[in-house]
Ligand SMILES: Cc1cc2nc3c(=O)[nH]c(=O)nc-3n(C[C@H](O)[C@H](O)[C@H](O)COP(=O)(O)OP(=O)(O)OC[C@H]3O[C@@H](n4cnc5c(N)ncnc54)[C@H](O)[C@@H]3O)c2cc1C
Ligand SMILES: Nc1ncnc2c1ncn2[C@@H]1O[C@H](COP(=O)(O)O)[C@@H](O)[C@H]1O
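Residue numbers (the working numbering), protein chains in the order written: chain A, 46 to 408; chain B, 11 to 291.
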């Protein structure tokens, strides 16, 4: 995408000839990101999205699985079939045990050159961005980062990738017309998680990749896993109560915690709250924080700036509490309460407590 | 030791407004700043210079106004600054940008070998995190993204050890110098430049390189021509079809209002009630 310069560019011309070398490029690929045998859920979300694209194009949906020579690596292919892939390329090699840029870039580039996909998608995780940027440069093709919408343009059969730009103030649609594959990354939780169907099967194609460890310059001395105990996992929370600067004082942020406790919810925060130290960085929702997709998002004292919105407007139901009836959050929340959060939050906590007590008695 | 730091001048996106009718960015009065993520890269390079000696060169590809950003870097303590600027670069996507920057760094290397290249994690306007990896691949440098700490450099063996933020943990990596590091945010804090550096920054004879000076012959690889991605539509996020359903507070009685809200939410979205009962138990 345009990044050095944003002078208005001519809109994409309609009729663009694809370089004949790329005519044989076919099928939609999703890179299945696995570390230490754990698949990142974003890969399944991408398979869900990829299924739609592949069906529209009338081609196969292919999972790419790289990992060490272990039963677990192969088992990942089966899981990919459950989530919608009909084929997997499987590469097993000791050099692919832990993620390192060099062997992974070489391997994925080699697969692309050999089997020639039309579209290649990766999760916009630390791993996915590292790998996607390297592979796209090596192949000299286009890569669109952090897409929020992917569609096939009917006429050209090109992938039209929409992404936020200028921190979410605007959206733009970007296409790679003359190069293949068309590459895109998508942040976790932006796309919906598809349902797994354990009866689905597919074809595994093993690819022999040769590399010698001594030729790889970067070595992993140690992996220090994050301490995930008591760590919030906002992206996968079903209910989130979030607070913003409208809460005025760090003490008042406790009101968010109180409501969250009653609901069994996670606590989220806007950026100013995180910067002021009222909440940890892991709780920041938005463009430079986490993307969330809860069933219920309650926002108290949050204005609803685009940078916050892009992280949470995939929630099924949004309830906003704000004392300014013109706050932008009311433009996209489902239910709005104009009032003082310091009064509404405790009242909500109390009401939910009572309701739940009754529901429990009844059930 | 010689570090090259890639920085970009960007509009302060916190102050950007979109024109409600034309859907274009209103730039008037929006200050240009150094991409905030790049300051972590610059500070890290300056710290290495404090520890091991050497020089720090900052480089940017951008319009002539980007000179201001480079002088700011000099005032923080960078030794040299290069502005890569040519109309032919206009419209570059990340592939074309990384090509131009790697060519220019190639030129820098002719004068003095480069041990480390630093970039920020990402920019706040382009926001892609692709330019760093792109430069590394083009120069065939080892790539270390999301580095949170430089643990050690062994100049004798030409080896560097870093901590890198990975999914679910931190990798301790050892690799060869030269390499390219994209620095994670929040890992350090930019220093205040001292008086001497401020004066030097003001007088410093900035190097301005056009395409030819940057060693680029093939114009098909830069600017719009060298960019495989094509920007089509640009538009504002669409509002939901309906504004929020507002629930009135009567006589300052939040209790009443909350009851109304709960009744609505739970009758219309029975799944949410079930979810809460599940989560709360
Ligand atoms: C590059 C970039 C990235 C960013 N990334 C993020 C991000 O990831 N996440 C994020 O959240 N922001 C992000 N921001 C910041 C974003 O632009 C906004 O500044 C921020 O979201 C505002 O937070 P807020 O709503 O808590 O505060 P404010 O905008 O100050 O809003 C406070 C709200 O509280 C209301 N209020 C005041 N008193 C009360 C009361 N007593 N009861 C109820 N309501 C009250 C006010 O009416 C107001 O609407 C980013 C900005 C930039 C430039
Ligand atoms: N025009 C540019 N000039 C110099 N460095 C740049 C430029 N664009 C991007 N970079 C560097 O590459 C990093 C990633 O940028 P981006 O891929 O745009 O998110 C930035 O943090 C900068 O360090």
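Virtual Cβ for every residue (Gly too), placed ideally from N, Cα, C. Quantities reported herein were computed from a predicted structural model and do not represent experimental measurements.
For the alpha helix (DSSP H) containing residue 21 of chain B, list its first residue and its last residue. If you number the second chain from 1, residue 21 of chain B lands on position 11. It is not in any alpha helix (DSSP H) - residue 21 of chain B instead sits in the beta strand (DSSP E) that spans 19 to 21.
Counting C-beta neighbours from all protein chains within 10 Å, is the total for residue 175 of chain A 16 or more, i.e. buried, or is it exposed? Locating residue 175 of chain A in the first chain gives position 130, where the first residue counts as 1. Answer is buried; the Cβ neighbour count reaches 16.
8 Å is my cut-off, CB to CB: does residue 147 of chain B come that close to chain A? If you number the second chain from 1, residue 147 of chain B lands on position 137. Closer than 8 Å to some Cβ of chain A, the Cβ of residue 147 of chain B qualifies, so yes.
Proximal chain B residues relative to residue 400 of chain A, where beta-carbon distance stays under 7 Å: Taking the first chain and counting its residues from 1, the one referred to as residue 400 of chain A is at position 355. Here the neighbours are 272.
With 7 Å as the limit, tell me which residues of the stretch 264 to 290 of chain A have their beta carbon closer than that to any beta carbon of chain B; keep them in chain order. 264, 265, 266, 267, 268, 269, 270, 271, 283 and 284
Rounded to the nearest angstrom, what separates residue 170 of chain B and residue 265 of chain A at their Cα positions? The residue you call residue 170 of chain B lines up with position 160 of the second chain. The residue you call residue 265 of chain A lines up with position 220 of the first chain. So the two alpha carbons sit approximately 12 Å from each other.
Are there three or more Cβ pairs, one per stretch, closer than 8 Å when the stretch 229 to 241 of chain B is compared with the stretch 89 to 109 of chain B? yes
What would DSSP say about residue 396 of chain A, mapped onto helix, strand or coil? Taking the first residue of the first chain as 1, we reach residue 396 of chain A at position 351. Note: residue 396 of chain A maps to helix in three-state DSSP.
Can you name the residues of chain A whose CB is closer than 8 Å to the CB of residue 4 of chain B? The requested residue 4 of chain B is not part of the displayed model; chain B covers only 11 to 291.
Do you know offhand how far residue 309 of chain A's Cα is from residue 205 of chain B's? If you number the first chain from 1, residue 309 of chain A lands on position 264. If you number the second chain from 1, residue 205 of chain B lands on position 195. The straight-line gap from Cα to Cα measures roughly 55 Å.
Determine the closest residue to residue 32 of chain B out of A:215, A:299, A:370 and A:77, with distance taken between C-alpha atoms. By one-based count along the second chain, residue 32 of chain B stands at place 22. For the residues A:215, A:299, A:370 and A:77, the minimum Cα distance to residue 32 of chain B belongs to A:215.
So is the beta-carbon of residue 18 of chain B under 7 Å away from any non-hydrogen atom of ligand 2? Counted from its first residue, the second chain places residue 18 of chain B at position 8. Within the cutoff, so yes.
May I have all residues whose beta carbon comes closer than 5 Å to any heavy atom of ligand 1, sorted in chain order? A:212, A:289, A:290, A:291, A:315, A:316, A:317, A:331, A:332, A:333, A:334, A:346, A:347, A:348, A:350, A:352, A:353, A:367, A:368, A:369, A:372, A:385, A:386, B:23, B:24 and B:134
Taking 7 Å as the cut-off, is the beta-carbon of residue 142 of chain B closer than that to any non-hydrogen atom of ligand 2? For the purposes of this step, residue 142 of chain B is taken as the residue at position 132 of the second chain. Residue 142 of chain B: yes, Cβ under 7 Å from ligand 2.
In chain order, what residues of the same chain have a beta carbon less than 7 Å from the beta carbon of residue 383 of chain A, not counting five sequence neighbours either side? Within the first chain, the letter at position 338 stands for residue 383 of chain A. The answer, listed in chain order, is 367, 368 and 370.
Go through the stretch 215 to 289 of chain B residue by residue and report every complete run of the alpha helix (DSSP H) that reaches 4 residues or more, in order. 264 to 278
Is it right to say residue 269 of chain A is buried, meaning 16 or more other beta carbons lie within 10 angstroms of its own, or is it exposed? Position 224 of the first chain, counted from the first residue, corresponds to residue 269 of chain A. Residue 269 of chain A comes out exposed.
Straight-line gap, residue 179 of chain B to residue 53 of chain B (C-alpha atoms, nearest Å): What you label residue 179 of chain B is simply residue 169 of the second chain in a count that begins at 1. What you label residue 53 of chain B is simply residue 43 of the second chain in a count that begins at 1. When rounded, the distance between both Cα atoms is 24 Å.
Using a 10 Å radius around the Cβ and a threshold of 16 neighbouring Cβ atoms, would you call residue 365 of chain A buried or exposed? Here residue 365 of chain A refers to the residue found at position 320 of the first chain. So residue 365 of chain A counts as buried.
Determine the burial state of residue 48 of chain B: buried for a count of at least 16 other Cβ atoms within 10 Å of its Cβ, exposed for fewer. Taking the second chain and counting its residues from 1, one reaches residue 48 of chain B at position 38. It is buried - the Cβ of residue 48 of chain B has at least 16 other Cβ atoms within 10 Å.
Strictly under 8 Å for the Cβ-Cβ distance: is residue 19 of chain B near chain A by that measure? Your numbering for residue 19 of chain B matches position 9 in the second chain. With 8 Å as the cut-off, residue 19 of chain B does not count as an interface residue toward chain A.
At the 8 Å Cβ level, is residue 289 of chain B part of the contact set with chain A, yes or no? If you number the second chain from 1, residue 289 of chain B lands on position 279. For residue 289 of chain B, the answer is yes, since a Cβ of chain A falls inside 8 Å of its Cβ.
Starting from the C-beta of residue 129 of chain B, find all residues in its chain whose C-beta is less than 8 Å away, skip the five residues before and the five after it, and write them out in chain order. Locating residue 129 of chain B in the second chain gives position 119, where the first residue counts as 1. Excluding residues within five positions, the ones whose Cβ falls inside 8 Å are 15, 16, 48, 51, 141, 142, 145, 190, 191, 192 and 193.
Out of B:65, B:13 and B:90, point me to the one whose CA is closest to residue 215 of chain B's CA. The count along the second chain starts at 1 and reaches residue 215 of chain B at position 205. The shortest Cα separation from residue 215 of chain B among B:65, B:13 and B:90 belongs to B:90.
Delimiting residues of the beta strand (DSSP E) encompassing residue 168 of chain A: By one-based count along the first chain, residue 168 of chain A stands at place 123. Element bounds for residue 168 of chain A: 164 to 168.
Can you tell me where the alpha helix (DSSP H) with residue 109 of chain B in it begins and where it stops? Numbered from 1 along the second chain, position 99 holds the residue referred to as residue 109 of chain B. 104 to 121 is the extent of the alpha helix (DSSP H) around residue 109 of chain B.
So who's on the other strand from residue 74 of chain A, going by DSSP bridges? One-based indexing of the first chain puts residue 74 of chain A at position 29. For residue 74 of chain A, which the question treats as bridged, DSSP gives the partners A:107 and A:165.
DSSP-derived helix/strand/coil call for residue 47 of chain B: By 1-based counting over the second chain, the position of residue 47 of chain B is 37. Correct three-state label for residue 47 of chain B: helix.
Taking only heavy atoms of ligand 2 into account, decide whether any of them is closer than 7 Å to the Cβ of residue 357 of chain A. The residue you call residue 357 of chain A lines up with position 312 of the first chain. Because no heavy atom of ligand 2 lies under 7 Å away, the Cβ of residue 357 of chain A does not count as near it: no.
Using a Cβ-Cβ distance cut-off of 8 Å, determine whether residue 383 of chain A contacts chain B. As a first step, residue 383 of chain A must be located in the first chain, where it is residue number 338. Judged by the 8 Å Cβ criterion, residue 383 of chain A is in contact with chain B.
Residue 190 of chain A versus chain B: which residues are under 9 Å apart at the beta carbon? For this step, residue 190 of chain A is matched to residue 145 along the first chain. Those within 9 Å of residue 190 of chain A in chain B are 104, 132, 136, 137, 138, 139 and 140.
Tell me the DSSP secondary structure of residue 371 of chain A in three-state form. Numbered from 1 along the first chain, position 326 holds the residue referred to as residue 371 of chain A. Note: residue 371 of chain A maps to coil in three-state DSSP.
Exposure of residue 49 of chain A, with buried meaning 16 or more beta-carbon neighbours within 10 Å: For the purposes of this step, residue 49 of chain A is identified with residue 4 of the first chain, where counting begins at 1. Unreliable placement is indicated for residue 49 of chain A, whose pLDDT of 40 sits below 50; no coordinate value is reported for it.
Any beta carbon of chain A sitting closer than 8 Å to that of residue 156 of chain B? As a working mapping, residue 156 of chain B is identified with position 146 in the second chain. Closer than 8 Å to some Cβ of chain A, the Cβ of residue 156 of chain B qualifies, so yes.
Residue 74 of chain A versus residue 239 of chain A - alpha carbon distance: Within the first chain, residue 74 of chain A is the residue found at index 29, counting from 1. Within the first chain, residue 239 of chain A is the residue found at index 194, counting from 1. C-alpha separation (whole angstroms): 16 Å.
Residue 264 of chain A, DSSP secondary structure in three states: For the purposes of this step, residue 264 of chain A is taken as residue 219 along the first chain, with counting starting at 1. Strand, per DSSP.
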